[in-house]
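Chemist: Residue numbers (our numbering), protein chains in the order written: chain A, 9 to 515; chain B, 21 to 249.
For each residue, glycine too, the CB sits at the ideal point set by N, CA and C.
Please read all numbers here as calculations on a predicted model, not as lab measurements.
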Amino acid sequence: MTDSTGANAAPDAGGDASANGDPVPSAGWAQRWGDRLASFRMGRLGLRTRVLLMFSLGSLLLAVFLSGAAYSFTRNSLVTQRDRVGVEGATRNATLASAELAARPVDASPAINQLQEQGIEQTVIRYQDTWRAGSPLFTQDDIPPSLVSRVVDDRVAARIIVSEDGEAKLIVGIPLVEPDAAYFEAISMADVDETLDSVALSLFFGAIITSMFGVVLGWFVSNRAVRPLAEAAQAAQLIAGGRLDTRLEVTDDQDLRLLANSFNDMASALQARVERDARFASDVSHELRSPLMTLAASVEVMQARRDEMPERAQTALDLLVSDVSRFQGLVEDLLEISRFDAGAIRLNRDDLLVAELVRQAVAVSSVPSTPVHVSERGECLVMRGDRRRLARVVANLIDNARLHGGGDAEVFVSEAENEGEPLGHVWIAVEDHGPGVPEEERELVFERFARGGVAGRRSSSDGAGLGLALVDEHIRLHGGRVWVEDRRDGEAGARFVLELPAEEVGI
Amino acid sequence: MGAVGTRILAVEDDERIRAAVKLALEDEGWTVDEAGSGEEAIELFTRSAPDVVLIDIMLPGIDGFELCRTLRRTSAVPIVMVTARADTHDVVAGLEAGADDYLTKPFAPKELSARIRALLRRIRPIVPGHAKLVFGNLEIVPEEGKVLRDGAELHLTKTEFRLLCELAQNPGRVFSRESLLDKVWGYDYFGDGRLVDVHVRRLRTKVEVDPANPRHVVTVRGLGYRLQS
């Protein structure tokens, strides 16, 4: 479509301005119209809508054009035919009238009567300045003067189509051989009109059907045109979701092949890159784990001989032992998080009884004595998840409580609150007795190596701050979420809540 | 403490790791032979006949998987794989190649000792007074450590044999992966279920006529495995 904003707006604006003597509001008005028109421009519409609109408009225009052409062709041929038949009939009748006039040249009445007997009523004969009509429905007044002058004065046969009270009539005028005599006959064209009306009606419906067909066709075509785009969008979504081997099918269509090939090239490049990253993480893993292996084994040998060492060496050994294990944990965390970044995490999902999982996880955590409280419904909750990763999450939260929360953590397993039936989520909450997490830092604590204000109060020499970031990643991978809030009982302390999809089962 | 005289063959290309692990394992009471490559390991294996083999997957020349398969061709010796990558297909590939258990670097040598002890644990007589158990065409003689199918003896590894005996203790009962991990490998609740799955797969290729349609070692979806006639 063309942009008619300027052409339309300018005169309108001018007109308004002269009327009001105030150009400012009129300019605003023009602007509004401009905007409104602009919003109808094709560019704003979707591809599907555009194709649909083009097909609809195209088929409508085609239907109107074809219907118009068909109507006028039909009309012309019908009128021409009726014209010819009418003129032929009138000529015959005129010859008849002429013969009658020649036999009884007094006046035209006998001729009129003669014609009336043959059923031809709508006739007018002018003979020696006198008009005689065969029917009151058609008198000399009904004959247009132009026809009279041509037939009577110029003595030329002529015809004209007039419309009287919405009814078309063919009036034929023929000069007779007798001097100053002319024959006029009116032939009704009502049946032609009727035929044309029904033709117009069927053409009208034909046009509507054609247009509708065009709309349907446009819908199909636009769908077909958009389908490769929808497929590409779906493939892109799959890739974003981690299915890196997703490819588009390469079709025979030249234009689409270009799209599919470029898309597939992009996907391959992306896949190669992600795989390289994953391989890098894995290589780093090997490189870092080897020296750690030596450290861990050597430290164990030294630990077995701790009693034989002087006191200062024992202190140094204790430091070494604790930092080797800290280093080990840090490397594990780093590797785990780089696997997340490479999209290389594959969950090993099982059906898990949440309460049992939490109890077991606490039992092998750094504070196995942490009490676990399970609500009545909490005992019956089952979820699908990676046993070891979820245990790690619980262990990380307990570690976090131990390091930053002043110890004495408590774990709660319960059904999620504010949920209808059936229950869709479980809450695993870890409460500590630390200083709590201020409102403005509650998002920050889940970031990697969260330090700054958070660290000022919460950090100790232990923990580089990857633990909570890993909790967040793991829980998100399981389709859940984690947040931190104040303790429920009003005492000082933080409450970390894991919300995970779970189902209630009868036990 | 390991049984006196129990020999462990440690195959590891990193000299320092080898030295440190040897020290730590010797502290635990085992006798340790070292090999720096797969080739060396094969030679040592035939010479010293170790009770347990410890194999690092990343080896120059013959890699850990290949070494494992080579040893398995002639021996049912317990094999522990050491991998630096716990979450990749390395673990499954190592178990498929015939390893009985795996550890991820860096592990505590004490943990390795516990694993080795579990692998060497003797099978207790299952049903006292019953010399053999029969399941259709399958015959188990626990005391002799023998399994026969249609009268012909099958060559099972120690772990496969123990897995089969564990299932045979309660024919028809469903054993969860966790309980099998606990009983056969001595793992706690967080052991790797893949260990069980791969060993069941390997066991089937030996005891089943058609491993794709097992008749004896049957999977119970979502629950675990059971043995039936």
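Going by beta carbon distance, what residues of the same chain come within less than 8 Å of residue 357 of chain A, once the five residues before and after it are set aside?
Modeler: Cβ neighbours of residue 357 of chain A beyond the five flanking positions: 392, 393, 394.
Chemist: Is the shortest distance between the beta-carbon of residue 145 of chain B and the beta-carbons of chain A less than 8 Å?
Modeler: Legend: pLDDT at residue 145 of chain B = 47, less than 50; position of this residue unreliable, value from coordinates given subsequently. False, the Cβ-Cβ gap to chain A never drops below 8 Å.
Chemist: Measuring only between beta-carbons, confirm whether residue 195 of chain B sits less than 8 Å from chain A.
Modeler: Answer no: the Cβ-Cβ gap between residue 195 of chain B and chain A never drops below 8 Å.
Chemist: What residue does the alpha helix (DSSP H) around residue 133 of chain A start on, and which one ends it?
Modeler: Unbroken run through residue 133 of chain A is the beta strand (DSSP E), 131-135; no alpha helix (DSSP H).
Chemist: Rounded C-beta distance between residue 410 of chain A and residue 374 of chain A? I'm assuming under 8 Å.
Modeler: Contact flag correct, Cβ pair sits at about 6 Å.
Chemist: Taking the beta carbon of residue 136 of chain A as the centre, do at least 16 other beta carbons fall within 10 Å, making it buried, or is it exposed?
Modeler: Burial call: exposed.
Chemist: Note the first and the last residue of the continuous alpha helix (DSSP H) segment covering residue 412 of chain A.
Modeler: Start and end: 395-412.
Chemist: For residue 481 of chain A, decide whether its Cβ has a neighbour in chain B, counting only Cβ atoms nearer than 8 Å.
Modeler: Taking Cβ atoms only, chain B never reaches closer than 8 Å to residue 481 of chain A, which makes this a no.
Chemist: Between residue 184 of chain A and residue 106 of chain A, which are expected to be in contact by the criterion C-beta below 8 Å, what is the C-beta distance as a whole number of angstroms?
Modeler: Yes, they are in contact, since the Cβ atoms of residue 184 of chain A and residue 106 of chain A sit about 5 Å apart, within 8 Å.
Chemist: Using a cut-off of 9 Å between C-beta atoms, extract the partners of residue 306 of chain A located in chain B.
Modeler: Per Cβ cutoff of 9 Å: 36, 39, 40, 43, 44.
Chemist: Please check if any C-beta of chain B sits within less than 8 Å of the C-beta of residue 336 of chain A.
Modeler: Interface residue, yes.
Chemist: What residues from chain A crowd round residue 262 of chain B, counting only those whose CB sits closer than 7 Å?
Modeler: An answer regarding residue 262 of chain B cannot be provided, because it is not within the stretch 21 to 249 covered by chain B.
Chemist: Grab me the residues of residue 314 of chain A's own chain with a C-beta within less than 7 Å of its C-beta, minus the 5 sequence neighbours each way, in chain order.
Modeler: Excluding residues within five positions, the ones whose Cβ falls inside 7 Å are 322, 325.
Chemist: Should residue 26 of chain A go down as buried or exposed, given a rule of 16 or more other Cβ atoms within 10 Å for buried?
Modeler: Low per-residue confidence applies at residue 26 of chain A: pLDDT is 41, beneath 50, and the placement is therefore not dependable, though the value from the model is reported in the following sentence. Label assigned to residue 26 of chain A: exposed.
Chemist: Using beta carbons (cut-off 8 Å, strictly below), is residue 300 of chain A in contact with chain B?
Modeler: True, the Cβ-Cβ gap to chain B drops below 8 Å.
Chemist: Under 9 Å Cβ-Cβ, which residues of chain B neighbour residue 2 of chain A?
Modeler: This structure gives no information on residue 2 of chain A, because the portion of chain A shown stretches from 9 to 515.
Chemist: Does the beta carbon of residue 55 of chain B sit closer than 8 Å to a beta carbon anywhere in chain A?
Modeler: Judged by the 8 Å Cβ criterion, residue 55 of chain B is not in contact with chain A.
Chemist: Would you verify that the beta carbon of residue 203 of chain B is, or is not, closer than 8 Å to some beta carbon of chain A?
Modeler: No, because no Cβ of chain A sits closer than 8 Å to the Cβ of residue 203 of chain B.
Chemist: Quick one: is residue 209 of chain A buried, meaning 16 or more other Cβ sit within 10 Å of its Cβ, or exposed?
Modeler: That one is exposed.
Chemist: Taking the alpha carbon of residue 331 of chain A as the point to measure from, which residue in A:303, A:361, A:353, A:272 has its own alpha carbon closest?
Modeler: The residue with the shortest Cα to Cα distance from residue 331 of chain A is A:303.
Chemist: For residue 144 of chain A, is the classification buried or exposed, using 16 other Cβ atoms within 10 angstroms of its Cβ as the cut-off for buried?
Modeler: Residue 144 of chain A is exposed by the Cβ-count criterion.
Chemist: If I'm right that residue 117 of chain A touches residue 140 of chain A with Cβ under 8 Å, what's the distance once you round it to whole angstroms?
Modeler: Indeed, because the Cβ distance is near 6 Å, the residues count as touching under 8 Å.
Chemist: Could you name the residues of the same chain whose beta carbon sits closer than 6 Å to that of residue 72 of chain B, not counting the 5 residues immediately before and after it, in chain order?
Modeler: Closer than 6 Å at the Cβ level, and outside the excluded window around residue 72 of chain B, lie 28, 98, 136.
Chemist: For residue 1 of chain A, collect the residues of the same chain with a Cβ closer than 6 Å to its Cβ; drop the 5 residues on either side in sequence, then sort them by chain order.
Modeler: Absent from the model: residue 1 of chain A. The displayed extent of chain A is 9 to 515, so no value can be given.
Chemist: So, helix, strand or coil for residue 209 of chain B, using DSSP?
Modeler: DSSP places residue 209 of chain B in coil when its eight states are reduced to three.
Chemist: List the residues of chain A whose Cβ lies closer than 8 Å to the Cβ of residue 242 of chain B, in chain order.
Modeler: The answer, in chain order, is 359.
Chemist: Hey, how far is the Cα of residue 47 of chain B from the Cα of residue 159 of chain B?
Modeler: Cα-Cα distance, rounded: 41 Å.
Chemist: Mapping the DSSP letters down to three states, classify residue 435 of chain A as helix, strand or coil.
Modeler: Strand, per DSSP.
Chemist: Beta-carbon within less than 6 Å of residue 466 of chain A's beta-carbon, same chain only, minus the 5 sequence neighbours each way: which residues are those?
Modeler: Here the model assigns residue 466 of chain A a pLDDT of 47, short of 50, so the residue's position is not dependable, and the following value carries that caveat. For residue 466 of chain A, where only same-chain residues beyond five positions count, the Cβ hits under 6 Å are 412.
Chemist: Beta-carbon within less than 6 Å of residue 3 of chain B's beta-carbon, same chain only, minus the 5 sequence neighbours each way: which residues are those?
Modeler: Here chain B covers residues 21 to 249 and nothing more, so residue 3 of chain B does not appear.
Chemist: Work out the CA separation of residue 431 of chain A and residue 503 of chain A for me, nearest whole Å.
Modeler: C-alpha separation (whole angstroms): 22 Å.
Chemist: Excluding the 5 residues flanking residue 51 of chain B on each side, which residues of the same chain have their C-beta closer than 6 Å to its C-beta?
Modeler: Excluding residues within five positions, the ones whose Cβ falls inside 6 Å are 27.
Chemist: Quick check: what's the CA-CA separation for residue 120 of chain B versus residue 42 of chain B?
Modeler: Roughly 21 Å between the two C-alpha positions.
Chemist: Residue 74 of chain B bridges to which residues according to DSSP?
Modeler: Per DSSP, B:30, B:100.
Chemist: Are the CB atoms of residue 222 of chain B and residue 237 of chain B within a distance shorter than 8 Å?
Modeler: No.
Chemist: What's the call for residue 133 of chain A, buried or exposed, on a 16-neighbour Cβ count within 10 Å?
Modeler: That one is buried.
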